[in-house]
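Everything below concerns the one structure shown next.
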Amino acid sequence: TGSPTLSPTLSPTASPTTCDPNLIITNTGDDCVLNVYEWFPTGDIFIVTLNPGESFTQPNVFEGQMFSAFKSVGSESAGLQSITIPAGCEDTEWDISSDYCLTAAPTASPTTCDPDLVVTNTGNCELNFYEWFPDGDVLVANLQPGESFTQVDVYVGQMFSSFKWGGSPAQAQSLQSYTVPEGCEDQTWEIFGDYCEDTTPTCSDDVLGTKSLVVTNTGECDLNLYEWFPTGDVLITGLAPGESFTQPGINNDQMFSAFKWGGDPAFAQGLASYAVKNACVDQTWDIASDYCTDSPTTTDPGSDCTATLVVNNVGSCRFNFFQSDLETGINTGLGGMNPGDTLTIENVSEGEVYSLIQGVGTIQSFTIPAGCKDQTVDMSSDHCL
13 TGSPTLSPTL SPTASPTTCD PNLIITNTGD DCVLNVYEWF PTGDIFIVTL
63 NPGESFTQPN VFEGQMFSAF KSVGSESAGL QSITIPAGCE DTEWDISSDY
113 CLTAAPTASP TTCDPDLVVT NTGNCELNFY EWFPDGDVLV ANLQPGESFT
163 QVDVYVGQMF SSFKWGGSPA QAQSLQSYTV PEGCEDQTWE IFGDYCEDTT
213 PTCSDDVLGT KSLVVTNTGE CDLNLYEWFP TGDVLITGLA PGESFTQPGI
263 NNDQMFSAFK WGGDPAFAQG LASYAVKNAC VDQTWDIASD YCTDSPTTTD
313 PGSDCTATLV VNNVGSCRFN FFQSDLETGI NTGLGGMNPG DTLTIENVSE
363 GEVYSLIQGV GTIQSFTIPA GCKDQTVDMS SDHCL
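Structure below.
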């Protein structure tokens, strides 16, 4: 079976269309100032600050261009909503409302009261504790399992993050983030991490790089197998139902992902991911998919047959939620979801696709099935913003 042909991706830096529609952004909240940014793969670019009730027109936008709104200090850890410019030449209106206001920026002077933050590692693995700044994280302390650390004289809006032991924020597994709330009371933050740096088995140099990963498509639908890299996913092969592929020469922490056939990782339905944690032995990975791109539907997407979709963030990280058009590659932002949040979407239709998307790409997607029944889906991400 040959590798399937991938759908083309849409670059955020694509040339504007021949028409020049506008994006009209309005802060519809009552109390909070927010910042608007344009998204690029290399980082967000600040556009404008909007007071409550204020509007701004971004001219000459084009299909696939992406924008985000953040709380008043502009921290990515408190993203409110995102939007992707759809196809067409009509102006787009984007109303944003925030009830999350900061009384102090991260660089503000401490308040007249001086509360403390007591951080405790309640997990079984070592971790690093950082303070967040707009230009990068700063290491505060390393915490052994059961160990505590007191950060003195914290102030409203000060931000902290935790990462697995030995890992820098740019490379390591993010565990949790914390923002100091208003008030003068001391704060406590308990962090649980079960990802240990020293859990990777070791073996002799003549064994490393000689073992293989056997991937088998145990489902009923074609899928694509990719290797994950920080700069993007690389297609390895397409797998028909029942077909297997052997990836030779695996190494620890090598990562792979599976997506539905014909789908690009930036926009498609992610099925599963696999990280090699013991390259001293051969590996097997079975993937089952019942999502076929060529499966007929009884009604077209957007038909009169509608239902309600309830999305629950059951993970420990905030993520952004989108409606995805797999044909055009356009993702329409529906807002950010904090851990424990529930989002209800009315009048969803058979065939519509909804996705959890982070900086690493599409992590999880859900397609509205036939039958006009209400749907509930639990989503989670371990890639904390």
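Going from the sequence shown to the working numbering is simple: count from 1 and add 12.
Even glycine gets a Cβ: it sits at the ideal position worked out from N, Cα and C.
- Taking the C-beta atoms as reference points, I248 is found no nearer than 9 Å to G221.
- Taking C-beta atoms under 8 Å as the contact rule, A270 and L225 fail to qualify, at a distance of about 12 Å.
- Annotated three-state conformation of Q170 is coil, per DSSP.
- DSSP places E358 in the uninterrupted beta strand (DSSP E) bounded by T354 to S361.
- In the three-state scheme derived from DSSP, where H, G and I count as helix and E and B as strand, E255 is classed as coil.
- The beta-carbon separation of E105 and I36, rounded to 5 Å, stays under the 8 Å limit for a contact.
- Under a 10 Å Cβ-count criterion, V48 is classified as buried, with 16 or more other Cβ atoms of the shown protein chains found around its own Cβ.
- Contact between the region 61-68 and the region 323-330 is absent: fewer than three C-beta pairs spanning the two stretches fall below 8 Å.
- Per DSSP, Q266 lies in no beta strand (DSSP E) and is assigned neither H nor E.
- Under the three-state reduction of DSSP output, T228 falls in the strand class.
- Residue burial annotation: T354 is exposed, with fewer than 16 other C-beta atoms found within 10 angstroms of its C-beta.
- Assignment of N72 by DSSP, reduced to helix, strand and coil, places it in the coil class.
- Judged by DSSP in its simplified three-state form, F204 adopts coil rather than helix or strand.
- One Cα belongs to Y190, the other to T200, and the distance between them is close to 10 Å.
- Going by DSSP, L235 is part of the beta strand (DSSP E) stretching over L235 to F241.
- Taking every protein chain shown into account, the CB of N229 has 16 or more other CB atoms within 10 angstroms, so this residue is buried.
- For V130 and F204, the gap between their C-alpha atoms comes out near 14 Å.
- Here the alpha carbon of V166 sits roughly 10 Å from the alpha carbon of F172.
- N140 and Q170 have their C-alpha atoms roughly 17 Å apart.
- Per DSSP, reduced to three states, the secondary structure at A319 is strand.
- Assignment of beta-bridge partners to G345 by DSSP yields F334.
- The beta-bridge partner set that DSSP reports for N290 is empty.
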